[in-house]
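Trainee:
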């Protein structure tokens, strides 16, 4: 996976929206709703798969592009929401990982078999 410059992507998205005069429509509410639609489109790809089939999608060339497109759509809307809300995504992720580590500590002993 290559490194991604989130700030640069957000800047590109601002320009993309401005060139199309979409700013009045790109409110956090509308962007969140659009993100949900794109997430549903991603879920639709997996909807009728068994768990085993869903684990094997990386080996299915016919699914690679549709999954990549929907994942990208979700990320693009998420970046725009964070931009509008003034959220530093890198810092937010670090903070959330710390919170999750406290909320879900590593089990002691043999509670989880590897």
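Residue numbers (the numbering used here): -17 to 96.
Every residue gets a Cβ at the ideal spot worked out from N, C-alpha and C, and that includes glycine.
1. Between which residues of its own chain and residue 49 is the CB-CB distance below 8 angstroms, once the five residues before and five after are set aside?
2. Could you check where the alpha helix (DSSP H) with residue 66 kicks off and where it finishes?
3. Could you name the residues of the same chain whose beta carbon sits closer than 8 angstroms to that of residue -5, not counting the 5 residues immediately before and after it, in chain order?
4. Following the continuous alpha helix (DSSP H) through residue 2, name the residue where it begins and the one where it ends.
5. Secondary structure at residue -11, three-state DSSP: helix, strand or coil?
6. If we count the other Cβ atoms within 10 Å of its Cβ and call it buried at 16 or more, is residue 79 buried or exposed?
7. So the candidates are 68, 18, 43, 32; which of them puts its Cα closest to the Cα of residue -11?
8. Buried or exposed for residue 76, please, with buried defined as at least 16 other CB atoms from any protein chain shown within 10 angstroms of its CB.
9. Any heavy atom of the ligand COA inside 7 angstroms of the beta-carbon of residue -12?
10. Can you grab the Cα-Cα spacing for the pair residue 29 / residue 36, in whole Å?
Mentor: Well, looking at it:
1. Excluding sequence neighbours, residue 49 sits near 24, 27, 39.
2. First-last of the alpha helix (DSSP H) with residue 66: 43 to 67.
3. The residues 58, 61, 62, 65, in chain order, have a CB closer than 8 angstroms to that of residue -5 in the same chain once the five nearest residues on each side in sequence are set aside.
4. Looking at the DSSP string, residue 2 is not in any alpha helix (DSSP H), and its letter there is neither H nor E.
5. helix
6. exposed
7. 68
8. exposed
9. Among the components modelled here there is no ligand, and therefore nothing to report on the ligand COA.
10. 9 angstroms
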